[in-house]
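Okay, structure first, notes after.
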Amino acid sequence: MDPIQELRASAREALPELDIFIGWEQGFDPLHATPAFIKDSQDMEGLIWNPLCVQNLAGYLPWLKDKKVGICVKGCDSRSVVQLLQEGLLKRENLTIFGLNCSGVLDLKKIQAQVPDAGNIQEVRFNGEQVEIFTLRETYRLQKQELLPLKCQACMYPNPVLADHTFGQEAQPANPDQGQYFDLEEFEGKSLQERLEYWQYHLERCIRCYACRNACPLCVCRDQCIAQTRNPHWLSEENNIQQNLMYQMIHAQHLAGRCTGCGECERVCPMDIPVLALKRKLSQIVQELFDYEAGLDQNAVPPLLTFQTEEKNMEPRGE
Amino acid sequence: MRIGVFVCHCGSNIADNVEVARAAQTSLLYPDVTFATDMMYTCSEAGQSGIEQAVQEHSLDGVVVAACTPKMHEPTFRRAVERAGLNRYMFEMVNIREHASWISKDKEKNTRKAQELIHMAVEKLRQNSALTPKYFEINKRVLIIGAGIAGIQAALDCAEGGLEVLLLEKESTIGGKMAKLDKTFPTVDCSSCILSPKMVDVSLHPNITLYAYSELEQLSGYVGNYQATIRRKATYVDWDKCTGCGRCMEKCPSKKARDHFNEDLTRTTAINIPFPQAIPKRAKIDANHCLKLLKDKCGICEEVCPTQAIDYNMQDELVTAEVGAVITSTGFDLFDHSKYGEYGGGRYQDVITSMQYERLLNASGPTGGAIQRPSDGKEPKKVVFVQCVGSRDKSVDRPYCSGFCCMYTAKQAILTKDHLPESESFVFYMDIRAPGKQYDEFTRRAIEEYGTRYVRGRVAQIYPYGEGLMVRGVDTLMGCQVEVEADLVVLAVGAECSKEAPALAEKLRISTDQHGFFTESHPKLRPVETNTAGIFLAGACQGPKDIPSSVGQGSAAAAKILALFSKDMLESDPQVAQVNLPRCIGCGKCIRICPFGAIQEVQDRAGQPKAEVIETVCQGCGLCEVTCPQSAIQLNHCTDNQILAEVNALCPPKTEESFE
Amino acid sequence: MPAQDRGELRIIGFLCNWCSYAGADTAGVGRLGQPTDLRIIRLPCTGRMDPLFVLKALINGADGVLVSGCHPNDCHYSEGNFYARRRLEVLKRFLPVLGFDARRFEYTWVSASEAKRWQSVVSDFTEQVHNLGAGPDLARASS
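Sequence lines, in order, name chains A, B and C.
Heads up, the working numbering is the position in the first sequence plus 29, with the first residue counted as 1.
Heads up, the working numbering is the position in the second sequence plus 93, with the first residue counted as 1.
Heads up, the working numbering is the position in the third sequence plus 39, with the first residue counted as 1.
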């Protein structure tokens, strides 16, 4: 059975016990999905599930901590939920998690690169490994594999790690033979000078819209974010490389050991800055040092909130 | 602000390598600096009143002094600034002596360094705010952990000073190591004779509550307000009823219990009193050897006890006590010589430790004061003493000198001659350390009057030879190897930290050095204090030492506490963390990370969880501040803004237009 | 940068008050000569050391940053340096991602009695930074 039918049925069944149900519905055009907040059973008909459901809905949960919420999560989204539970920002008993086994979503920027009149799409159809896009003039048949964003190509957890109900066929990692962080390899190949220039180029373009921060499910500081306050005066809102880089550093450091790699930050950036690489690199470092991945075990303690008197994977420096 | 900058010559200490006048003048360029001068000795009376005067005359509201290290004179200048009418935290100190003029002679670079350091201090001071200490009540009761000679002395001094004392001892009797000794150097007076009166005083003093056979389970709180949880271990004898008559010991059929007091030279009964002068003189049952407790057989002691004091169902009891300060006087352990395989690794019966020998010498010991070989009970004719066993030896991780072994070996050699006039004693030594009063004379007596043969060299091997032992060593002064046929070998084992020391250090939140001895606040000037307010040290737990030094430290710790308690209220350090409530999102990370449990969750008026700092428990480490993503919790006097001000002063960020 | 004009580089040190700052003082008392580049900021504990201070310094143009505290197990506040060790190790491995040479940042542990050690830490680190030359200047736009 089409997983979406099962999902709708299951959601309808659970709805009377819930204050709100969060999933995806069709957006402003066939290429975009949008979050759906459903209270009435009949609205469940509009619920969709396909590789265009890119949004990480877990970001809404901290603001609904004391409400009974039903939430749809992909593999990556479920890790965000686990991470939020680990930090005490959610209550497990208030959540009903509808897990969707996911074989990857589509990177809209890659579609736009291949479909010139992407603003004029009539229909999108999914045919196994193919994606058919119908515009007024033409039909494009694209390979799904080529449209996957980096985060899906490197994904190791396509099936939700925590769920009350699960839908769809169990998915496999897209590239199990590659190293877990192979998406960073191209970057690793650059020299120090090249990296410096790379970030200088990108960060000069950053407009400090804070979309990356606002889309991050783990950024719960909202109005209290230190990037936007004078007290303490960590940085100014001047739009130059120094301040922009400092802002990215604050965001990345605050996510060290917490980021689950959902990739929302990179997806929403209007200037196409590859910010996910910074967090992925930190996740790699945390894994090397502490054998720890975020968002897998709700009872784990984030590695930077604890310590060992003898650190296994660290060479002692001057001890 | 109106900031005054005072740059110190410190005589020639700073002025030789830093152009102090120029450094003072350039500081007038920094924002908010309205007055600057240089002075010969800022810490002198003239210097301090010069600062106070300048504050008055120029209406200054902040002061920067560039001089020696703040660890030396920050409190001095804070008081001066306070006398001038300012809050003492509107003061910053710059180190241009230890960190500049004393480490380089390049005057140009040092001056530039001084200027920049002053600039950093000025920028920090501009972010400072007035802080006011709070005052809190204190509980004038002292907890003393460990009732050896140091603890006993401390307890008596505190009690005589009018304080209530709670004295804990993990063994069933007080007295520590000193109670086991026969005689003490250099006076050769009887250890028990000088110790017992003090032990009795402790038991009788109205201000001292003695909990023997008890250990500290947990300590929480802060100076003046500690809560101690004490485990009173089960003795299986009701000590309120026991009179110490000893009948139980006479009748007990289980005679194989370990006799710790006699250093395992003999066995004792399962129910026992360690020695006749024990305080408290009460029996206790060793649960590992009691037939009733193990197999529910026997029960003879219960039958014969005239006061029905035996209670086989007794359990450990946890009691809580509230105290204001703690002295730890937990002493030391002796080195386990089985690590030295070349000395037999503990296998040879006639190779014994100095403490075991002391028990043999002692008239109330297992042999009634007769020196006998443990193997066959015969009197030894030749006794060989080996010094530095487990001291001054990096290979067994004991590089330090234990300080008393040379002296006690000389004493034991002298006593051996007294007990056995026909015997010969040899001492193998590396150096003779005899620094105290009459100490060197005492060691010379052992050689000159008592005929002890001192051989300068180490012992390479001890092995069985005939009915005795062969001691093979070297005489470095003669330049040859030597072999001595010995009937008995006594190893002068060194001191090491007691086994429970590291765990106790964690409970008390004090530090230990790499050998497990507790760390004092300052090795020269503060030997009995720790860096944790309210916790003091006395005796060998701070480092190996002899009896006079332990007694001295016991009294010193007591004096510190009497001074601490001479006020009715203590001042709390206002350099603690504070939560900016509107910024706090209640995530609880700071609560989890605080090592002292100084942060708790509260609810604001909207019912939202927020963090709150318990100011008296906060130690001011700043971990919470780094953990908080919104920087909602800030450490007073070390806020993010203050540190950022210093960083920005050194490395200014580029701005499009500078509005300064 | 003014520092470079006189042959010095901008090196900032964050020292914990109880061990390393005292160790630096002891080195001064012992008149143990050191290069003059280092500027010290005093913290109560390395647990107070936010990795963002290091990043702030480097981004603003510092050429080298040194952090020093009590040896692990000897922290005056019992645990601060354990957390610092984790945070700063993560930071050290992260710096190359940005294009900063990781050798511009060192963290180490120097106790109050280790004067000679402090002298070599400062001398070695200053030399290390000088060998790397002036740090990247992010104030100007890339070409």
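Yeah, the Cβ is synthetic: ideal placement off N, Cα and C, and Gly gets one too.
In this text the structure is predicted, and so the values were computed from the model without any measurement.
Is it true that the CB of residue j sits closer than 9 Å to the CB of residue i?
{"i": "Y228 of chain B", "j": "E664 of chain B", "result": "yes"}
{"i": "T302 of chain B", "j": "P399 of chain B", "result": "no"}
{"i": "N729 of chain B", "j": "L309 of chain B", "result": "no"}
{"i": "L82 of chain C", "j": "F121 of chain C", "result": "no"}
{"i": "C251 of chain B", "j": "L601 of chain B", "result": "no"}
{"i": "L129 of chain A", "j": "T195 of chain A", "result": "yes"}
{"i": "I49 of chain A", "j": "K96 of chain A", "result": "yes"}
{"i": "P467 of chain B", "j": "L358 of chain B", "result": "yes"}
{"i": "V754 of chain B", "j": "L179 of chain B", "result": "Nothing in the structure corresponds to residue 754 of chain B, since chain B is present only between 94 and 753."}
{"i": "I420 of chain B", "j": "A670 of chain B", "result": "no"}
{"i": "D733 of chain B", "j": "H283 of chain A", "result": "no"}
{"i": "L210 of chain B", "j": "A139 of chain B", "result": "no"}
{"i": "V330 of chain A", "j": "E322 of chain A", "result": "no"}
{"i": "Q246 of chain B", "j": "V621 of chain B", "result": "no"}
Which first and last residues belong to the alpha helix (DSSP H) in which residue i is found?
{"i": "H194 of chain A", "result": "First-last for H194 of chain A: 194–196, but that is the beta strand (DSSP E), not the alpha helix (DSSP H)."}
{"i": "F230 of chain A", "result": "Correcting the residue type first, residue 230 of chain A is Tyr in the shown sequence and not Phe. Element bounds for Y230 of chain A: 221–234."}
{"i": "Y501 of chain B", "result": "498–512"}
{"i": "A247 of chain B", "result": "242–253"}
{"i": "I287 of chain B", "result": "284–297"}
{"i": "T65 of chain C", "result": "59–68"}
{"i": "P135 of chain C", "result": "119–137"}
{"i": "Y450 of chain B", "result": "447–454"}
{"i": "Q401 of chain B", "result": "First-last for Q401 of chain B: undefined, no H or E at that position."}
Hey, could you find the ends of the beta strand (DSSP E) residue i is sitting in?
{"i": "E308 of chain B", "result": "307–315"}
{"i": "V215 of chain B", "result": "Looking at the DSSP string, V215 of chain B is not in any beta strand (DSSP E); the run it does join, the alpha helix (DSSP H), is 200–218."}
{"i": "T168 of chain A", "result": "168–172"}
{"i": "Q271 of chain A", "result": "Segment 270–284 is the alpha helix (DSSP H) holding Q271 of chain A; no beta strand (DSSP E) there."}
{"i": "Q167 of chain C", "result": "Taken as a continuous stretch (DSSP letters only), Q167 of chain C belongs to no beta strand (DSSP E), being part of the alpha helix (DSSP H) at 154–171."}
{"i": "I420 of chain B", "result": "418–421"}
{"i": "R176 of chain B", "result": "Premise fails: R176 of chain B lies in the alpha helix (DSSP H), 163–176, not in any beta strand (DSSP E)."}
For residue i and residue j, which I take to be in contact (beta-carbon distance under 8 Å), what is that distance rounded to the nearest angstrom?
{"i": "K103 of chain A", "j": "F133 of chain C", "result": "About 28 Å separates the two Cβ atoms, so there is no contact after all."}
{"i": "C590 of chain B", "j": "G561 of chain B", "result": "That belief does not hold up - the Cβ atoms of C590 of chain B and G561 of chain B are roughly 34 Å apart, past 8 Å."}
{"i": "V476 of chain B", "j": "H430 of chain B", "result": "16 Å between Cβ atoms; not a contact."}
{"i": "L513 of chain B", "j": "I464 of chain B", "result": "6 Å"}
{"i": "R108 of chain A", "j": "G324 of chain A", "result": "3 Å"}
{"i": "L86 of chain A", "j": "S70 of chain A", "result": "Wrong, their Cβ atoms sit about 19 Å apart, outside the cutoff."}
{"i": "I150 of chain A", "j": "L81 of chain A", "result": "Contact flag wrong, Cβ pair sits at about 11 Å."}
{"i": "R181 of chain B", "j": "T162 of chain B", "result": "Not really, about 18 Å apart at Cβ, beyond 8 Å."}
{"i": "L10 of chain C", "j": "G172 of chain C", "result": "In the structure as shown, chain C starts at 40 and stops at 182, and residue 10 of chain C therefore has no counterpart that could be examined."}
{"i": "L565 of chain B", "j": "V552 of chain B", "result": "The amino acid occupying residue 565 of chain B in the given sequence is Arg; Leu does not appear at that position. Going by Cβ atoms, the distance from R565 of chain B to V552 of chain B rounds to 7 Å, so yes, they are a contact pair."}
{"i": "K138 of chain A", "j": "L119 of chain A", "result": "Contact flag wrong, Cβ pair sits at about 31 Å."}
Next on the checklist: With three or more C-beta pairs closer than 8 Å as the rule, is the stretch 367–387 of chain B touching the stretch 254–270 of chain B?
Outcome noted: yes
Checklist entry - the stretch 419–433 of chain B: which residues have C-beta closer than 8 Å to a C-beta of chain A, in chain order? => result none
Next on the checklist: So if I threshold CB-CB distances at 9 Å, which residues from the stretch 104–124 of chain A count as touching chain B?
Outcome noted: E116, G117, L118
Checklist entry - Taking any Cβ of chain C, which residues in the stretch 302–336 of chain A have a Cβ under 7 Å from it, in chain order? => result L307, K310, L311, I314, V315, L318, P332, L333, F336
Item to check | Residues in the stretch 90–104 of chain C having any Cβ partner in chain B nearer than 9 Å | outcome: P90, L91, F92, K95, A96, L97, I98, N99, G100, A101
Item to check | Selection of the stretch 187–207 of chain B by Cβ proximity to chain C, strictly under 9 Å | outcome: N188, R190, E191, H192, A193, S194, W195, I196, S197, K198, D199, E201, K202, N203, R205, K206
Checklist entry - Is there contact here, the stretch 186–197 of chain B with the stretch 138–152 of chain B, by at least three beta-carbon pairs under 8 Å? => result no
Checklist entry - Got a sec: which bits of the stretch 268–279 of chain A sit with their beta carbon under 8 Å from any beta carbon on chain B, in order along the chain? => result N269, Q271, Q272
Checklist entry - Hey, is the stretch 198–213 of chain A in contact with the stretch 175–183 of chain A, meaning 3+ C-beta pairs nearer than 8 Å? => result yes
Item to check | Inter-stretch contact (C-beta, 8 Å, three-pair minimum) for the stretch 620–631 of chain B and the stretch 316–324 of chain B | outcome: yes
Checklist entry - Using a beta-carbon distance cut-off of less than 8 Å, what residues from the stretch 718–734 of chain B approach chain A? => result T720, P722, Q723, S724, A725, Q727, T732, D733, N734
Next on the checklist: Quick test of the definition: if touching needs 3 or more C-beta pairs under 8 Å, does the stretch 94–112 of chain C touch the stretch 296–304 of chain A?
Outcome noted: no
Checklist entry - Using 8 Å as the threshold, is the stretch 276–288 of chain B in touch with the stretch 502–512 of chain B, meaning 3 or more CB pairs across them? => result yes
Next on the checklist: Assess contact between the stretch 714–722 of chain B and the stretch 672–690 of chain B, defined as three or more Cβ pairs (one per stretch) separated by less than 8 Å. Is contact present?
Outcome noted: yes
Next on the checklist: Is it the case that the stretch 514–529 of chain B contacts the stretch 443–455 of chain B, given that we only count it when at least three CB pairs across the two stretches are under 8 Å?
Outcome noted: no
Next on the checklist: Does the structure place the stretch 62–75 of chain C close enough to the stretch 146–163 of chain C that three or more beta carbon pairs sit under 8 Å?
Outcome noted: yes
Item to check | Positions along the stretch 591–618 of chain B whose CB lies within less than 7 Å of some CB in chain C | outcome: R602, S604
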